[in-house]
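Below is one structure, written out as structure tokens; comments come after it.
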Amino acid sequence: MFQGETAITIDDKGRLAIPTAYRDLVARACANRLVVTYNPYESGCLWLYPEAAWEKVRDQVNALPNAKRVHRNLQLKLVGAATVVEPDGNGRVLLPASHRNAAGIEKKAVLLGMGGKFELWSEQAHLAQIRLTIGEDEISEDMLDLRL
431 MFQGETAITI DDKGRLAIPT AYRDLVARAC ANRLVVTYNP YESGCLWLYP
481 EAAWEKVRDQ VNALPNAKRV HRNLQLKLVG AATVVEPDGN GRVLLPASHR
531 NAAGIEKKAV LLGMGGKFEL WSEQAHLAQI RLTIGEDEIS EDMLDLRL
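To get the working numbering, take the position in the sequence shown, counting from 1, and add 430.
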């Protein structure tokens with residue numbers, strides 16, 4: 431289970447150093463194989479899945495009937511863009527330039543542990559998301575039972 435927020439620096443070669451607190455967990459969870467893909471719901475963010483968890487997501491997305499444009503769009507952004515990355519000896523993964531460019535991720539980024547996957551946000555997009563508040567009219571029925 432991944433959780434927490436870490437400020438990350440992307441090096442000049444486009445590599446992200448997996449925080450040391452997560453390295454053993456990543457090694458155990460997926461034998462050091464992560465899958466990077468786009469977040470189809472929010473700009474400025476990439477998703478990083480352990481490979482086994484990714485395969486389940488991939489199969490669900492590919493099972494959607496592609497007669498609907500929204501299904502094809504989701505398949506394009508998730509499955510079509512999926513790339514396997516493996517940490518090197520120093521715990522760094524090379525993020526594809528196309529993914530970094532599309533998400534606007536440059537030098538400074540934020541890595542969030544989101545349970546079964548990581549989210550990698552550009553620093554600006556993360557800050558914008560954090561500054562948004564949830565209005566009373568946005569609270570869903572499912573949220574009403576939460577005791578925060």
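We treat Cβ as the ideally placed atom computed from N, Cα and C, and that holds for glycine.
_Under 7 Å between C-beta atoms of Lys547 and Tyr468_ = no
*Best match in Ala451, Gln559, Gly434, Glu566 for proximity to Tyr471 [C-alpha to C-alpha]*: Gln559
*Can you have a look at Gly565 and say buried or exposed, based on whether 16 or more other CB atoms are within 10 angstroms of its CB?*
exposed
*Leaving out five residues before and five after Glu553 in sequence, what residues of the same chain have Cβ atoms less than 7 Å from its Cβ?*
Lys538, Ala539, Val540
_Where Gly534 sits in the DSSP three-state scheme_ = coil
*Enumerate in chain order the residues of its own chain whose CB-to-CB distance from Gly434 is below 7 Å, with the five nearest sequence positions on each side excluded.*
Gly543
*Own chain partners of Pro495 with C-beta closer than 7 Å, once the 5 adjacent residues on each side are dropped*: His501
*Evaluate the contact criterion for the stretch 474-493 versus the stretch 434-444: three or more CB pairs, one atom per stretch, below 8 Å.*
no
*Mind reading off the beta-carbon distance from Ala447 to Asn531? Whole number of angstroms is fine, and I expect it under 8 Å.*
Their Cβ separation, rounded to whole angstroms, is 20 Å, which puts Ala447 and Asn531 out of contact at 8 Å.
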